[in-house]
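A short write-up of the structure that comes next.
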Amino acid sequence: MEILKRPILTEKAAALGEKISRYAFVVDTNANKIQIRTAVETMYGVTVEAVNTMVVAGKTRMRGTKSGFTVGRTNRYKKAVVTLAKGETIDFYSNI
132 MEILKRPILT EKAAALGEKI SRYAFVVDTN ANKIQIRTAV ETMYGVTVEA
182 VNTMVVAGKT RMRGTKSGFT VGRTNRYKKA VVTLAKGETI DFYSNI
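All letters in the sequence shown, in the order written, are residues 132 to 227 by this note's numbering.
Now the structure itself:
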């Protein structure tokens, strides 16, 4: 099971990372906080102080087609916001 699926690279998440060393990740829906903590510490070599998780509900999407409206939903996912120890950072753009 892959715990960390991908980092969330939005303006809001980038502002949190610069300001108070908090980083957001999309994680496996069955992962708990301890598994997320160890995955971040081993992958990025940092010390994690806290992990906050939330399950983001899927949104309803509508699209008009020739045969009428089609209604569907996007997938739900689990998001984890990880707080690092003071002075530590994660550079997502180093390997680009």
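Every residue, glycine too, gets a C-beta built ideally from N, C-alpha and C. Since we're looking at a predicted model, the values are computed, not measured.
So, at 8 Å on beta carbons, what are the nonlocal neighbours of residue i in its own chain, with the 5 sequence-adjacent residues on each side left out?
i, result
"Thr160", "Val186, Arg207, Tyr208, Lys209"
"Gly148", "Tyr154, Thr220, Ile221"
Rounded to whole angstroms, what's the CA-CA distance from residue i to residue j? Just pull it up for me.
i, j, result
"Ala188", "Ala211", "14 Å"
"Gln166", "Arg137", "15 Å"
"Val213", "Phe223", "14 Å"
"Lys217", "Thr141", "22 Å"
Taking 8 Å as the threshold (C-beta atoms), are residue j and residue i in contact?
i, j, result
"Val157", "Leu215", "no"
"Thr201", "Arg194", "yes"
Let me check understanding here. Comparing Cα to Cα, which of the options lies closest to residue i?
i, options, result
"Ala162", "Phe223, Leu135, Ile151", "Leu135"
"Arg192", "Gly203, Gly199, Ser198, Val182", "Gly203"
"Glu133", "Val171, Glu142, Ala181", "Val171"
"Lys164", "Asn183, Ala144, Lys143", "Asn183"
Counting C-beta neighbours from all protein chains within 10 Å, is the total for residue i 16 or more, i.e. buried, or is it exposed?
i, result
"Ala181", "exposed"
"Ala155", "buried"
"Gly199", "exposed"
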